[in-house]
């Protein structure tokens, strides 16, 4: 049993809990309550304390194989921007796309993102998703 406590626990489905905590057993949240309450219920549990605990984020529309492309502006509108994207994408090797996807996943994890909806055109990127700790749906 582990207790993760924080100054604020933000469960989303219920109001925020100040000086709150969650009890976790085998990777599953088993209880939410005040820090004092959970420490009393589980006195031998290992505790980790944070400033804030909130659910992870979901990025529902990504193109992680393209994250290494240079930032492109769209001064002449969407169509010209899309043409620029296609031109730059054609310059990428499969290896570069995989590295781009791997780096994007690292960045997602650092930002608190736990799930992706990814639009992939290169099948090799599927291996990157399979080996990722993120929950991904690939289109």
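Residue numbers (our numbering): 1 to 139. Using N, Cα and C, we set each Cβ at its ideal position, and we do this for glycine too. All of these numbers come straight from a predicted model, not from anything done at the bench.
Cβ neighbours of residue i in the same chain (closer than 8 angstroms, five flanking residues each side left out)
| i | result |
| --- | --- |
| residue 56 | 112, 113, 114 and 115 |
Burial state of residue i, where buried means 16 or more other Cβ atoms lie within 10 Å
| i | result |
| --- | --- |
| residue 120 | buried |
| residue 127 | exposed |
| residue 76 | exposed |
| residue 107 | exposed |
| residue 4 | buried |
Own chain, CB closer than 6 angstroms to residue i, minus 5 neighbours either side, in chain order
| i | result |
| --- | --- |
| residue 46 | 2 |
| residue 63 | 119 |
Rounded C-alpha distance that separates residue i from residue j
| i | j | result |
| --- | --- | --- |
| residue 37 | residue 48 | 15 angstroms |
| residue 70 | residue 90 | 13 angstroms |
Under the three-state DSSP convention, the category residue i falls into
| i | result |
| --- | --- |
| residue 87 | helix |
| residue 62 | strand |
Residue i: first and last residue of the uninterrupted beta strand (DSSP E) it sits in
| i | result |
| --- | --- |
| residue 48 | 46–53 |
Range covered by the alpha helix (DSSP H) that runs through residue i
| i | result |
| --- | --- |
| residue 108 | 94–110 |
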